[in-house]
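Contents: one structure, followed by commentary.
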Amino acid sequence: MEPRFPEAQALVTEGSRIIGIGGHSDMAALAGSDCTTVDMQGGALFPGFNETHNHLSMYAVYRQYAYLGAAETIAELIHALKTHAATSDASVIVGYSYDDTLLKDGRQITRHDLDKVSTERPVVVIHISAHLGFLNSAGLQHYGITRDTPNPEGGEIHRDDAGPTGRLDEIAWFNIASQLKSPDFATYLKLLEESIKDFNSAGITAVHDAGLGLEGMPEIVYAAYKKLKSQGKLGLRVFLSLLPETFEAMKPEPLREMGDERLKLGGVKLFIDGSIQAETAALLEPYARHPDKKGELVMDVADFEAMVAKYHAAGHHLSIHGNGDAAIEAIITALEKAQEKHPQPDNRHMLIHSQMAHRSHLKRMRK
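Quick note: the sequence shown uses the numbering used here, first residue 5, plus one each step.
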């Protein structure tokens, strides 16, 4: 990672910082005689990965659920849910990481498929994008979704001639996700500790946990992070950004004035569109498979620009989710307007995903 030393014999640390890297003799001289030496026994030492966008706190919650990411058919998905249900006494059966692009069946699941898991207990399936959810008939009834339930702003309840199909998009899904039962503190603390070990095993040593509040229990999550830190069990550096409602409730100071190297709380996570996989990302041109569909922004543009300007003017870091090129255009324009009206000398805002950015967008980002 260091061009001058593509291969080195030793490195020296002081506190949490690397202060030297090079040959044995030079590093021994730099470290001095009172240093602690760790012999790698011929092994290799690599830099850890900094995962700049993830949802570690949500992943910890998901560990309680049925993993569906390996299902290649609807039958396999149903089997995984049934197996989980047989060992869980939870009132709602939940599965996560469902990926319709892996299914050999060539279609999305419906409530009728999930009714094969249970006709009595609600079944909830979380799409791999986390922007879609799927319910069985008991789930639709449990959460009060009927033929006559209106679509919420920024979301869609999919329907056919018989009523809701079980698929919920964006805000329609988030409204249900927020009602899933949260684990208590002791349970979540253990889940988070295990999740951090999973991240470490993949070489990840720093994360941006983007969107405290998405898991529906921000106080428990933050308390668990602090507890692990105090116990010396926080095996990575964590920066937590917050959903606006969580941010307003917790009132952190501007990012540059708070936190420490191990656990930092601050900054705001905003959403302006959905996901490419779910075809809810906002595009300038229609989706190839659906010429009548371009996705949509999940917020009114004027409201979004006002929110961006508010946090930018106060000096807070913004992490903004934008997948489609229409969304990216809206984000860059909002940031340009905010900077023009409220100049900040050291902007560190982040445009998350940016899957459909044009070259012209990249040039404007660079400014």
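Glycine included, each C-beta is placed from N, C-alpha and C at the ideal position.
- Excluding sequence positions up to five before and after Gly27, its CB lies within less than 8 Å of the CB of Ala12, Gln13 and Ala14, all in the same chain and listed in chain order.
- For Pro222, the enclosing alpha helix (DSSP H) starts and ends at Pro222 to Ser234.
- Taking the Cβ atoms as the reference, Pro248 lies roughly 7 Å from Leu274, within the contact range of under 8 Å.
- Annotation for Val121: Ile82, Leu85, Lys86 and Val127 place their beta carbon closer than 6 Å to its own, counting only its chain and skipping 5 residues before and after.
- Glu55 carries a strand assignment under DSSP once its states are collapsed to helix, strand and coil.
- In the DSSP assignment, Val312 falls within the unbroken alpha helix (DSSP H) covering Val305 to Ala317.
- Only exposed fits Phe50, as fewer than 16 other CB atoms lie within 10 angstroms of its CB.
- In this structure, the alpha-carbon of His353 lies about 43 Å from that of Asp38.
- For a cut-off of 8 Å, the C-beta gap from Val272 to Gly158 is around 18 Å, too long to register as a contact.
- In the structure shown, Lys341 adopts helical secondary structure according to DSSP, grouped into three states.
- For Lys201, the three-state secondary structure derived from DSSP is helix.
- For Glu174, the enclosing beta strand (DSSP E) has its first and last residue at Gly167 to Glu174.
- Ser122 carries a coil assignment under DSSP once its states are collapsed to helix, strand and coil.
- Looking at Ala334, Ala285 and Asp296, the one whose alpha-carbon comes closest to that of Glu309 is Ala334.
- For His162 and Ile78, the gap between their C-alpha atoms comes out near 19 Å.
- Contact between Asp173 and Glu160 holds: their C-beta atoms lie close to 4 Å from each other, under 8 Å.
- Collapsing the DSSP output to three states places Glu265 in coil.
- For Arg370, the enclosing alpha helix (DSSP H) covers residues Arg363 to Arg370.
- Taken through DSSP and simplified to helix, strand or coil, Val42 comes out as coil.
- By the Cβ neighbour-count rule, Asp43 is exposed, with fewer than 16 other Cβ atoms within 10 Å of its own.
- At the C-beta level, Leu184 and Val98 come within 8 Å of one another.
- Within the DSSP bridge table, the entry for Lys273 names Ser323 as partners.
- In its chain, beyond the 5 residues on either side, Pro156, Glu157, Gly158, Gly159 and Val302 have a beta carbon closer than 8 Å to the beta carbon of Ile175.
- The beta carbons of Phe53 and Ile224 sit no closer together than 8 Å.
- For Ser133, no alpha helix (DSSP H) encloses it, and the DSSP letter there is neither H nor E.
- The three-state secondary structure of Glu160, taken from DSSP, is strand.
- Of all alpha-carbon atoms in Thr169, Asn179, Asp165 and Met221, the one lying nearest the alpha-carbon of Tyr192 is that of Met221.
- DSSP lists Asp213 and Leu269 as the beta-bridge partner residues of Leu244.
- Beta-bridge partners assigned by DSSP to Glu18: Arg21.
- For Met354, the enclosing beta strand (DSSP E) covers residues Met354 to His357.
- Linking Thr114 to Pro168 through their CA atoms gives a straight-line distance of about 9 Å.
- Contact between Ala206 and Arg241 does not hold, since their C-beta atoms are separated by about 15 Å, which reaches or exceeds 8 Å.
- When C-alpha distances from Asp104 are compared across Glu80, His116 and His131, the shortest belongs to His131.
- Collapsing the DSSP output to three states places Ser141 in a helix.
- Per DSSP, Val65 is one residue of the alpha helix (DSSP H) stretching across Leu60 to Tyr66.
- When DSSP reads this structure, Ile208 sits in a beta bridge with Phe53.
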